[in-house]
Structures are given as C-alpha cells and as structure tokens.
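Working notes, beginning with the structure itself.
In the working numbering, the protein residues as written are 14 to 95.
Next comes the structure, spelled out in structure tokens:
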C-alpha cells in the first residue's frame, strides 16, 4: 500500500517549518503569524488574505522585528522540498 505524504518541510528565512503538502506560498502577518497558502495571497495594511475559499493554515510564529512582513511572501513549488 503506497503512503501518501500530506506534509513537507520547507526552509523559511533559514528556519525549517512543517507545512501541508499543498503549500505553494508562505507569508507572515504583521503580528508574526506565519501562514501556508494554496494560492497566492494579497496584502493590506496588516495581514495577508485570499478572496477565494482556498486552503490556508497557520503553521508557525515569527519575529516581526526580524522579518519585514510586507516582504515575507515566498513561493514554494509543489515538487520541491526547499
């Protein structure tokens, strides 16, 4: 019986984070919440969001004094373990 992997490990600003397999983007909100996204999110003056009901999940917390949240969006390809 084949095992289907539902998670992957990615490097986000030098830290390894476990995210869902469907993750294509990762970003950090102004308050330090780090989210995994299935589709590319948009941003406003405080956080990242999507208009459609796509999958997203809180995966970690970061330090807003280290990572500029408005520049925190990173793309991860489906077949890459980054």
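Each residue gets a CB set at the ideal place from its N, CA and C atoms; glycine is no exception.
Would you mind working out which of 15, 65, 21 and 61 sits nearest residue 81, comparing C-alpha positions? 61
If you count every other CB in all the chains shown that lies within 10 Å of the CB of residue 42, and 16 or more means buried, which is it? buried
Taking its Cβ as the centre, do 16 or more other Cβ atoms sit within 10 Å of residue 89, making it buried, or is it exposed? buried
Relative to the C-alpha of residue 63, which candidate in 28, 22 and 40 has its C-alpha closest? 40
Is the stretch 66-76 in contact with the stretch 27-35, if contact means three or more CB pairs nearer than 8 Å? Note that the stretch 66-76 touches the stretch 27-35; at least 3 beta-carbon pairs, one per stretch, sit closer than 8 Å.
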